[in-house]
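Some notes on the structure that comes next.
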Amino acid sequence: MAKTNQVSIWEVSTNDRHNKLNSHVDDDEEGRPSKYQRSLAAFENLKCCCSCSSPIFIGFVIGALVAGIVLATVVSIYVVDSVVRRRLALRLLAQQQLQPPPQQRLQPLLRQLLAQQQLRPVQLQRLQPQRLQQVRALPLQALQALPLQLPAQHQLRPVQPQRLRAPLPLAQQQLLQQVHHQHRLVLQLRLLQQPQRLRASLPLAQQQLLQQVHHQHRLVLQLRLLQQPQLLRQALLHQLHQCRRQLQLVLPQQPLQQQHHKQQRVQLQVQQQHQLQLRQQRLVRCTTCVTFDNIPGQLATTGVVPNGYNNLNWTNVWYVNASTEPTSGYEYAVTSPPFVGTNPGGATVKITSANGTSFAFDSVIVTSAWRDDLYWVIYGYRNGVNTVAGGFYMQVANQTIISCGSCTNLDTLYFVVSGGTPHVGLAQTGYESAFDNLCISFGY
25 MAKTNQVSIW
35 EVSTNDRHNK
45 LNSHVDDDEE
55 GRPSKYQRSL
65 AAFENLKCCC
75 SCSSPIFIGF
85 VIGALVAGIV
95 LATVVSIYVV
105 DSVVRRRLAL
115 RLLAQQQLQP
125 PPQQRLQPLL
135 RQLLAQQQLR
145 PVQLQRLQPQ
155 RLQQVRALPL
165 QALQALPLQL
175 PAQHQLRPVQ
185 PQRLRAPLPL
195 AQQQLLQQVH
205 HQHRLVLQLR
215 LLQQPQRLRA
225 SLPLAQQQLL
235 QQVHHQHRLV
245 LQLRLLQQPQ
255 LLRQALLHQL
265 HQCRRQLQLV
275 LPQQPLQQQH
285 HKQQRVQLQV
295 QQQHQLQLRQ
305 QRLVRCTTCV
315 TFDNIPGQLA
325 TTGVVPNGYN
335 NLNWTNVWYV
345 NASTEPTSGY
355 EYAVTSPPFV
365 GTNPGGATVK
375 ITSANGTSFA
385 FDSVIVTSAW
395 RDDLYWVIYG
405 YRNGVNTVAG
415 GFYMQVANQT
425 IISCGSCTNL
435 DTLYFVVSGG
445 TPHVGLAQTG
455 YESAFDNLCI
465 SFGY
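Numbering (our numbering), first residue to last: 25 to 468.
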């Protein structure tokens, strides 16, 4: 393989390079040196001492220069901005130190206004039109200098409408305008909106200013009424008419209320009398009182109640001598000793009229023989149709008096028992009940 020598253009001889560059030159020009020979003569002694002549190195140098320029620009901008901000902060701080707070600026102005104004409260009843012109108003220019503003929704309209202000004299119009302006300024200061307990905490100057503005506001209202007598008369007539209407509505109500209360008292008395009459009727209406003590052929201890006893037919009803069962509810049911009625084994009691005559159930005294909270229900029938019914809970040691003033026109009674819990300490736990003094009224 042939060896290839690489030679740099800086190592080629001057003559060779001259020949290559001037191969196209004519023969007549060979006697004088060419422009290429003259230019290359200055570079004959130049030699590259290193391999830094590549294009990559040149691009790196140019990029470094551009980056340095950009960095210098950014640093200069940051420094200038910091200096400007520092100067602005120092200027604002100096202005705040020189300028007093708003409250301190207002205090001299309020003292000046109070020194110029010495107003006292005036009673509206003693106010006269000629005295209105003597009222001194606060200087309009001084109050306008107050740097106070509120949003549009808090701006209040003048008390005096524009259409009513025109007939007033010029001096009174000016006074009215000043007072309105003062009133708005005070509202802007939030003085009129302060409650009474917070108004006392205001400075003395603001309290005095508030009192003066209230006084002038009352003067303006009185001036409006004096300048508009027709309006005042209409307002008074309207108020008088309203008072009369209220009196007309209130005065007739008192007799009506008294009459209503009287009617209620009468109705209550009638109801009480009716209840008393019913009680008396029940006591008097008891035409037949079944005591189970006068049964023909009655045994000394217990037995069956026969049909026809007291003109009634009895089903599942026995009589018991309560003294023979001392530890039971029989002794508590005794009202007319010694016998009471009972339902042996807790059977359903049926009582009917012996001759078909209707009767009324008035009352009965009942206890439970062996169980507490025994549920005892009474049903009244007429011609097979149940007309009355009622349920009650019976106890062993307490009597229960059941009465009914409207249980009339009956021909059959049923006594039904159920439930309950055995009474502690008794020998038995049956569902028997004891009843005495059953009041029946025939013909009702």
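For each residue, glycine too, the CB sits at the ideal point set by N, CA and C.
- Looking only at F459, Y102 and S465, the smallest Cα-Cα distance to V358 is reached by F459.
- Per the Cβ contact rule, the region 409-423 is not in contact with the region 369-381 (fewer than 3 Cβ pairs under 8 angstroms).
- Burial is judged here by how many other beta carbons sit within 10 angstroms of a residue's own beta carbon; Q236 has at least 16 and is buried.
- Our two residues, N461 and I389, have alpha carbons roughly 6 angstroms apart in a direct line.
- Put simply, the region 330-339 does not touch the region 417-432. Fewer than three CB pairs are less than 8 angstroms apart.
- DSSP, reduced to helix, strand and coil, places L398 within a strand of the structure shown.
- According to the DSSP secondary-structure assignment, R110 is paired through a beta bridge with no residue.
- Assignment of F84 by DSSP, reduced to helix, strand and coil, places it in the helix class.
- One thing to note: F385 has its Cβ no nearer than 8 angstroms to the Cβ of I319.
- Between F316 and V329, the beta carbon gap of about 7 angstroms places them in contact (Cβ cut-off 8 angstroms).
- Bounds of the beta strand (DSSP E) holding A413 are V409 to M418.
- Distance check between L398 and each of K286, R115 and F439 places F439 closest, using alpha-carbon atoms only.
- The C-beta distance from L434 to G404 rounds to 5 angstroms, short enough to meet the 8 angstroms contact threshold.
- Comparing alpha carbon positions, the residue from M418, Q295, G83 and P350 closest to A451 is P350.
- Using a Cβ distance threshold of 8 angstroms, T326 and W342 count as a contacting pair.
- Assignment of Y455 by DSSP, reduced to helix, strand and coil, places it in the coil class.
- Per DSSP, the unbroken alpha helix (DSSP H) holding A357 starts and ends at Y354 to A357.
- Counting along the chain, S392 sits inside the beta strand (DSSP E) bounded by residues F383 to S392.
- About 13 angstroms separates the beta carbon of W394 from that of E355, a gap too long to meet the 8 angstroms contact definition.
- Counting the other CB atoms within 10 Å of its CB gives F81 a total below 16, which places it among the exposed residues.
- The DSSP assignment places complete beta strand (DSSP E) segments of no fewer than 3 residues inside the region 310-368 at 312-314, 326-328, 336-339, 342-345 and 363-366, in order along the chain.
- Here A88 is exposed. Its C-beta has fewer than 16 other C-beta atoms within 10 Å.
- By the CB criterion at 8 angstroms, D396 and G444 fall inside the cutoff.
- The Cβ-Cβ distance between Q419 and S392 falls below 8 angstroms.
- Taking a contact as a CB-CB distance under 8 angstroms, the pair V314 and V344 does not count as one, their CB atoms being some 14 angstroms apart.
- When DSSP states are grouped into helix, strand and coil, D105 belongs to the helix group.
- Where T424 is concerned, the enclosing beta strand (DSSP E) starts and stops at T424 to S427.
- When only Cα atoms are considered, L95 and A118 end up about 35 angstroms apart.
- By the Cβ neighbour-count rule, F383 is buried, with 16 or more other Cβ atoms within 10 Å of its own.
- Here S377 is bridged, per DSSP, to L336.
- In the DSSP assignment, S430 falls outside any beta strand (DSSP E), carrying neither H nor E.
- The residue among W400, T436 and A421 with its C-alpha nearest the C-alpha of N410 is T436.
- Counting along the chain, the unbroken beta strand (DSSP E) around T436 starts and ends at T436 to S442.
- C-alpha of S347 to C-alpha of H447: approximately 19 angstroms in a straight line.
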